[in-house]
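Peer 1: Residue numbers (my numbering): 1062 to 1388.
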Ligand code: CP
Ligand code: NVA
């Protein structure tokens, strides 16, 4: 594995959106992630000597810990900076923040409230910037999800995935990723909470090229006939003030045992997925998330392997020279 890990398609210099990963890059990443998982807990130290900064404006369990432990096992030195009380750009400009941080770190992994902050960081940075969740996307989650579905179903092409709930950051990255890999994705949710039209258009273009599809449905019963049912919280971080209206708008879409039975494809109850954290009894019932087809902890574990593959490929093959001209 170590010899081949950094060969393959050139990775983008930053990863802000799942749209930056085409099918070739995605397959290479998923293949390396599988090999990273097989080698765990002793993956090759592909990031020996690298310093990585994690900068988070929002809480996290999975993302923070999977990056810290995963990258440390690859030999990197990881530093966590909590910006929860002080959004990036508040204490000093985004430019000064980024240009200073890159003097210490070989890559910056950031969880931000506003996606535009990541875009601003990436415009002035000479080191890779990686989106660890923004209001628009969650690309690292989608990599782990694609890896998880491929392992559970044995393929991605033609796999029927119903994403039920809010057309949010997780949904956006999932559509762009699975759309490029030949899966058939149906988003099922209330008409007021559909994904961004621009994301839907792009995901449909990618699906057209891959032999997959992307559809939108409003009837909760449209989950029938799927291999995978995926949901996320109805109240993402930052939209807590909309909790009551959201809970009311989404309540018909709760993933119950009865819904899972209705969703069966060819008599087979689908796999259940959720990026976590989950609000049990709200978007999903205990019997489903704890049930025999639940993949939620596989997804959580795969975050680490998928991210290890991503950082290895970004820092190993395509990172631009750190001493290049300043933008
Ligand atoms: N799924 C996910 O990103 O979880 P955290 O918010 O705990 O990092
Ligand atoms: N959509 C959720 C995902 C959490 C991992 C949020 O943004 O809060």
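Note that the Cβ used here is the ideal one computed from N, Cα and C, for glycine as well.
The structure displayed is predicted, hence computed values, not measured ones.
At what residues does the beta strand (DSSP E) containing residue 1274 begin and finish?
Peer 2: 1274-1278
Peer 1: Give the DSSP-derived three-state secondary structure of residue 1196 in the structure shown.
Peer 2: coil
Peer 1: Taking its Cβ as the centre, do 16 or more other Cβ atoms sit within 10 Å of residue 1215, making it buried, or is it exposed?
Peer 2: exposed
Peer 1: Going by the beta-carbon positions, is the gap between residue 1337 and residue 1357 smaller than 7 Å?
Peer 2: yes
Peer 1: Report buried or exposed for residue 1302, applying the criterion of at least 16 other Cβ atoms within 10 angstroms of its Cβ.
Peer 2: exposed
Peer 1: In chain order, what residues of the same chain lie with their CB nearer than 6 Å to the CB of residue 1278, ignoring the 5 residues before and after it?
Peer 2: 1247 and 1249
Peer 1: Can you name the start and end residues of the alpha helix (DSSP H) that residue 1122 belongs to?
Peer 2: Taken as a continuous stretch (DSSP letters only), residue 1122 belongs to no alpha helix (DSSP H), as it is neither H nor E.
Peer 1: Compare the beta carbon distance of residue 1094 and residue 1361 with 7 Å and say whether it is the shorter of the two.
Peer 2: no
Peer 1: Measuring from the CB of residue 1355, is there a heavy atom of the ligand CP at a distance below 6 Å?
Peer 2: Not one heavy atom of the ligand CP is found less than 6 Å from the C-beta of residue 1355.
Peer 1: Assuming residue 1132 contacts residue 1125 (C-beta within less than 8 Å), just tell me the rounded distance between them.
Peer 2: In fact, because the Cβ distance is near 11 Å, the residues do not count as touching under 8 Å.
Peer 1: By alpha-carbon positions, which one of 1354, 1340 and 1293 ends up nearest to residue 1333?
Peer 2: 1354
Peer 1: For a quick check, are the C-beta atoms of residue 1271 and residue 1320 less than 7 Å apart?
Peer 2: no
Peer 1: Using DSSP with H/G/I as helix, E/B as strand and the rest coil, what is residue 1247?
Peer 2: strand
Peer 1: Is residue 1205 helix, strand or coil when you go by DSSP?
Peer 2: helix
Peer 1: Considering Cα atoms alone, identify which of 1369, 1377, 1374 and 1225 is closest to residue 1101.
Peer 2: 1369
Peer 1: With respect to 6 Å, is the separation between the Cβ of residue 1201 and the closest non-hydrogen atom of the ligand NVA below this value?
Peer 2: no
Peer 1: Is residue 1229 close to the ligand NVA? I mean its beta-carbon at under 6 Å from any heavy atom of the ligand.
Peer 2: For residue 1229, the Cβ falls inside the 6 Å cut-off from some heavy atom of the ligand NVA.
Peer 1: In the DSSP assignment, the alpha helix (DSSP H) including residue 1053 goes from what residue to what residue?
Peer 2: Past the boundaries of the shown model lies residue 1053; the chain is included only from 1062 to 1388, so the question cannot be answered.
Peer 1: Helix, strand or coil for residue 1149 per DSSP?
Peer 2: In the three-state DSSP reduction, residue 1149 falls in the coil class, being neither helix nor strand.
Peer 1: Taking the alpha helix (DSSP H) that residue 1178 belongs to, which residues open and close that run?
Peer 2: 1176-1185
Peer 1: Is it right to say residue 1075 is buried, meaning 16 or more other beta carbons lie within 10 angstroms of its own, or is it exposed?
Peer 2: buried
Peer 1: Within its chain, find whatever has a CB closer than 6 Å to the CB of residue 1364; leave out the 5 residues flanking it on each side and keep chain order.
Peer 2: Close CB contacts of residue 1364 within its chain, under the 6 Å cut and outside five residues either way in sequence, are with 1123, 1127 and 1205 (chain order).
Peer 1: Quick one: residues in its chain with C-beta nearer than 8 Å to the C-beta of residue 1217, no 5 flanking neighbours on either side, listed in chain order?
Peer 2: 1207, 1210, 1211, 1239, 1242, 1243 and 1244
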